[in-house]
Structures are given as structure tokens and as C-alpha cells.
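Chemist: Sharing a structure here in C-alpha cells format.
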Amino acid sequence: MVSPKPSLTMLFLYLSFVFLLPCTARGFGHLPAVNTGSWNVTSIYQLGDSLSDTGNLIIESPNGVASAFSRLPYGESFFKHPTGRCSNGLLMIDFLAKAFGVPNLNPYLNKDAVFTHGVNFAFSGATALPSESLEEKNIVNPVTNSSLSVQLDWMWSHFNSICYNDQDCAEKLKNSLFIVGEIGSNDYYYAFSQGKTMKDANSMVFDVVQVIIEGIRRVIQIGATKIIVPGTFPLGHFPAYITAYQPKNSAIYSKQRLLNDLSLYHNNELKKRLQLLKQDYKNITIIYGDYYNGFTRLLKNAPRFGFNGTSDLRRACCGVGGELSFYPTRMCGARGVPVCANPDGYVVWDGFNLTQKAYRILARWLFRSTVSRLFKSS
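Quick note on our numbering: the sequence shown kicks off at 73 and runs consecutively.
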């Protein structure tokens, strides 16, 4: 049983619960066009957290309906209204789907939606570890119980409803792409926001990665043959993590370095385990998505991409408080919290998630460096 947390901590978690990560400016045309004759993708299936959720959280009640994602300024730059995406507009999965000629993925919890071209099972605030495992570590997920294992149960249920048997499923999925993650960053965020140390977070990495690997095995059992498994971003770049992690040495750059080291540890462990997994499934194409290096390259080339809205690329476009425009009890979407005039000049949207422009650039990088390699191997 989880021991009671101080009221201030739970207030922090409640107010911040929907903003969780581990979300060129000219449009879709800057993603490479796919030769559908040789790279035929007919459907995409996405698991993950707020980086990929296209609306599951805001459908779920009561938390989702009351979340900031259900209000402007979320969605303002593209849809002109909130859709449940944790950004000012589109996400990486939207750009990737467009590049493959696949319609935007509908959220699984929208029971009136059409799922002929794939399903989005990702859920904002989701963790890799199930709630029971977090509770054993005295960590609470204040957002949702829809962890990776729950999303996989949804996926299993979906395919049971559309497949007559394993052979039928294999035929339906022969041109499908599965994306497992990014997921796991929220596990560490919840740990830090509830007073855990960096040592505690590092001790979680093996379990977090193990759950992801088990999830990939389940996806393969369903019939997946092409799978992308992204690692995590450098968490030291995100104001929410910098704020939640409170070591004795509270200098921002010291915290940033330690958080990035945690990200690298997670990613290296994930890559190592993926190599072992590939030995068990030699006929399955499994590609690691190196979000860490993709994001680092984006930062190094920020001036060329036009990210000039702020001198500190960690500063949030939507937010208030301190040098990073982030305060955990007055975040984006709350009454009176300002939004920058030019989101395209910012990398970080709300302290947890990225702007549409940043996602567009990262999707283009992912397509060129990862997705094309995925299909060249087939």
C-alpha cells in the first residue's frame, strides 16, 4: 500500500498530471514522399504517452474532461481547437502518418471512430510500469491506470474483434507499422515529483525497460513484423523535469546533466535489450528510434531551423514563472497563463511537451534515419 504523500506534493501532481512527456515550418511537404509500391504501409498502431496521444486522455472521465488538454491554447496553431494532443498543433505521429499516406490515427477510446488505417492507443500521463509496480516503489500515478500493459490489452482486444484467426491477423498486418513508445519518461517524472532521488530513478531503469521489452513481445505475438521502439529525449532539457528533480545541488545545469545521464542510461539499457530480443525474432524487423540524438541535433541546429523566440531553448512557449517559464501550480491552459506570440520560435511548448514545429522536424528526421532503414531491411 502506498504511504500517504504530503498534500503539497499531491497538489503539484494533480495540477500537473496531464502535461507529461517522456509531443522546417512549411508543412507536410517537407517530409519525404513514400514510394508506396515498395514501402507500402496501410496502417499504423501507436503505443505511448503524451508524445503520441491524439485524444485518449480527454475522452476518459473525469480527469481527462477536466484537463488542460481539453482547452485552448492546445491545438491553436493547426486545428484551432483542442483535440487532446499535448501541443499547439500536430504531433510526430501525425506527420509520420501523413508521410506514409495514412490518415491521422484516431484514439482508441473514441468508439465512433474508424480504425481501418490503424489505432492510437497512446495515453497522456501513461507509464511503462503498471500502477501496482509503481505502488510497490511508493510512487503514485495521479493521472491514469492506462499504463503500457493496459494499452496492450486494448490492442489485443481490438485485434480479437477484427481478426478471424492468427492467419487472418497476419494477412491484415503484413503492411502495418507498430510504434512502441516513447514510454517510460513519466515513470521517472512521477518518482522525482514525489521526492525520489536520482539513485532511486536509476534503480527503476531495469524494470522500466523490462516492461517495454515484454510489451514488444506481446506486439509480435499479435502479428507485428515491423516495429519502431523509440528511446527517451534528454530529460534535462524539459522544465518540468528540472523543476521536479530537487537534489542538494540545485543548480540548473547540474540537474540538467544528471537528468540527461538518466536518459542515456535508459536508452543504452533499451538498446542492449533490443539486440538480445532481435536474436529471438530474426524474421521481425525491430528498429531503435534514437530520439535523444535527434533532439540533440535539433538543438544544435536551432538557429537554422528558426527557433529564435527565446535565448534559452529550454524555456516554454506556454507557461509562467522563472527563467524557464514554468511553474507547477500555474501551467499552460490555466487561467491567466500567457502564450508566446510565435510558437514556431520555441522548441518546448508547455514544460513537458514540444511545439508542433519541433515535432515536424523530429518526424522528418525519424523518417529519414529510422523509417527508411526499417523498410530497406524488408
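Backbone N, C-alpha and C fix where the C-beta goes; we use that ideal spot for every residue, glycine too.
Let's see if you can read the secondary structure: which residues bound the beta strand (DSSP E) around G190?
Modeler: Where G190 is concerned, the enclosing beta strand (DSSP E) starts and stops at G190 to N192.
Chemist: May I ask which residues mark the beginning and end of the alpha helix (DSSP H) holding Y360?
Modeler: Unbroken run through Y360 is the beta strand (DSSP E), T357 to G361; no alpha helix (DSSP H).
Chemist: Would the beta-carbon of F367 be found less than 7 Å away from any heavy atom of the ligand FMN?
Modeler: As presented, the structure is devoid of all ligands, the ligand FMN included, so that no description of it is given.
Chemist: For the pair the stretch 112-124 and the stretch 181-197, tell me if three or more CB-CB distances fall below 8 Å.
Modeler: By the C-beta criterion, the stretch 112-124 is judged to be in contact with the stretch 181-197, since at least 3 inter-stretch pairs fall below 8 Å.
Chemist: Find out if the Cβ-Cβ distance for the pair G253, V174 is shorter than 8 Å.
Modeler: no
Chemist: When the Cα of V411 is compared with those of S149, S139 and D225, which residue comes out closest?
Modeler: The closest CA to that of V411, considering only S149, S139 and D225, is found on S149.
Chemist: Tell me the start and end of each unbroken alpha helix (DSSP H) in the stretch 127-151 that is at least 4 residues and wholly inside, in chain order.
Modeler: Fully enclosed alpha helix (DSSP H) runs of 4 or longer: 128-131 and 135-138.
Chemist: Restricting to runs no shorter than 3 residues, where is the beta strand (DSSP E) found entirely within the stretch 234-276?
Modeler: 248-252
Chemist: Going by C-alpha distance, which of D384, A388 and I294 is nearest K244?
Modeler: I294
Chemist: One question on the structure: do L201 and I288 come within less than 8 Å of each other, judged by their Cβ atoms?
Modeler: no
Chemist: Whether or not the stretch 332-351 and the stretch 260-277 are in contact is what I'm after, with contact meaning three or more pairs of Cβ atoms, one per stretch, closer than 8 Å; do they touch?
Modeler: yes
Chemist: Leaving out five residues on either side along the sequence, give the residues of the same chain with a beta carbon under 7 Å from the beta carbon of A316.
Modeler: Y261, F264 and S265
Chemist: Count the other CB atoms within 10 Å of the CB of G408; is the residue buried (16 or more) or exposed (fewer)?
Modeler: exposed
Chemist: Report all residues from its chain with a CB closer than 6 Å to the CB of G161; omit the five preceding and five following residues, and keep chain order.
Modeler: Hits under 6 Å: S149, F150 and Q428.
Chemist: Check the C-beta distance from G256 over to V291 and give it rounded, since I have them as a contact under 8 Å.
Modeler: No, G256 and V291 are not in contact; Cβ-Cβ is about 16 Å, not under 8 Å.
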